[in-house]
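J.: With the first letter of the sequence shown counted as 1, position 96 gets the number 530 in the numbering used here; the numbers rise by one all the way through.
Positions of the beta carbon are idealized from the N, C-alpha and C atoms, including for glycine.
Here the structure is a predicted model, which is why all the values come from computation and not from measurement.
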Amino acid sequence: MVAGDDCVAVKSGWDDYGIKFGVPSEQMVIRRLTCNSPTGAVIALGSEMSGGIKNIRAEDITAINSQSGIRIKTSPGRGSYITDIFVDGMNLQTMNYVFWTTGSYDEHADSGYDSKALPVVDRINYRNVVAEDVKMAGNMGGIDGDPFTGFCLSNVTINGFGTPQENLAWNCTNISGVSSNVMPEPCDVLTEKGPTDCEYPPDPVPIDVVDLNTCSFSSTV
435 MVAGDDCVAV KSGWDDYGIK FGVPSEQMVI RRLTCNSPTG AVIALGSEMS GGIKNIRAED
495 ITAINSQSGI RIKTSPGRGS YITDIFVDGM NLQTMNYVFW TTGSYDEHAD SGYDSKALPV
555 VDRINYRNVV AEDVKMAGNM GGIDGDPFTG FCLSNVTING FGTPQENLAW NCTNISGVSS
615 NVMPEPCDVL TEKGPTDCEY PPDPVPIDVV DLNTCSFSST V
């Protein structure tokens, strides 16, 4: 598919309206996706995530000529959470960022939002990612006083970064996590040795166990 914005965008409500409604987007599988998104992310979580986003799985993803691979978007005023995100298997070509996390996506439904409603971002797992012709491996920022935690990166190989003068592979602020077998080596807050493979849940989600009925018909014409 070719998208004019994000190829896949997971959302769940905006600021106090989403907090009040309180229905999360959860137990989703994004599987065998091939896309091209020059002005957006291959997979975006948020920024309207005030009902919560959890237990999202993405596997076997291929993309070319996209702004970013996985992007998390949120800001003060959103509240709620983005948690239990599991990515396994991305093959990416030609993009600005592979991992992009934004805690300052400062767009709001109106002026009535609560700036003290801070989002929780935790348990974000990326594994088995290969990317070529990339300007920046990771541009990952949380919120002052509200760091994003629990990132795990394993078996990640990213190449590119332009000229040596432009060779800033990672930028990390207000986040924390672990990594294993990641090239180029990530920023200091992610260099603590993590598991050989970041977690990917073995249990099926409901869509994997749906029984489909076989239908048939005959024509008398």
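(1) Under 8 Å, with one C-beta from each stretch per pair, do the region 515-526 and the region 547-560 reach the 3-pair mark?
(2) Using a Cβ-Cβ cutoff of less than 8 Å, which residues in the same chain neighbour I666 once the five nearest sequence positions on both sides are dropped?
(3) Tell me the residue span of the beta strand (DSSP E) that contains I641.
(4) With DSSP run on the structure shown, which of helix, strand or coil describes Y547?
(5) Report all residues from its chain with a CB closer than 6 Å to the CB of L624; omit the five preceding and five following residues, and keep chain order.
(6) State the Cα-Cα distance for the pair G447 and E482, rounded to the nearest angstrom.
(7) Find out if the Cβ-Cβ distance for the pair T536, K507 is shorter than 8 Å.
(8) When DSSP labels each residue in this structure, what does Y634 get in the three-state scheme?
(9) Exposed or buried, which one is F582 when buried takes at least 16 other CB atoms within 10 Å?
(10) Can you give the Cα-Cα distance for T591 and P618, rounded to whole angstroms?
(11) Looking at the structure shown, is G584 part of a helix, part of a strand, or coil, going by DSSP?
(12) Less than 8 Å separating the beta-carbons of Y539 and S588?
(13) On the CB-based measure, 16 or more other CB atoms within 10 Å of its CB, does D440 come out buried or exposed?
(14) Starting from F408 and walking both ways along the beta strand (DSSP E), at which residues does that stretch end?
(15) How would you write the range of the alpha helix (DSSP H) that I477 sits in, first residue to last?
(16) Just mark Q599 as buried or exposed, buried being the case when its beta carbon has 16 or more other beta carbons within 10 Å.
(17) Go through the region 441-512 residue by residue and report every complete run of the alpha helix (DSSP H) that reaches 4 residues or more, in order.
(18) For a test of the three-state rule: what should DSSP assign to D622, helix, strand or coil?
(19) Ends of the beta strand (DSSP E) at D439?
(20) Please go through the same chain and pick out, in chain order, the residues whose beta-carbon is closer than 6 Å to the beta-carbon of C606, but skip the five residues on each side of it.
(21) Under DSSP, the beta strand (DSSP E) around C606 begins and ends at which residues?
T.: The answer reads as follows:
(1) Result yes; three or more Cβ-Cβ pairs closer than 8 Å.
(2) Outside the displayed range of the chain (435 to 655) lies residue 666, so it cannot be described from this structure.
(3) No beta strand (DSSP E) contains I641, which DSSP labels as neither H nor E.
(4) coil
(5) G611, S613
(6) 5 Å
(7) yes
(8) coil
(9) buried
(10) 7 Å
(11) strand
(12) Contact: no.
(13) buried
(14) It is not possible to answer for residue 408, since the shown part of the chain is limited to 435 through 655.
(15) For I477, there is no enclosing alpha helix (DSSP H); the enclosing beta strand (DSSP E) covers residues 475-479.
(16) With a pLDDT of only 45 at Q599, under 50, the local geometry of the prediction cannot be trusted, and no value is derived from it.
(17) 449-455
(18) helix
(19) Looking at the DSSP string, D439 is not in any beta strand (DSSP E), and its letter there is neither H nor E.
(20) M574, C621, V623
(21) 604-607
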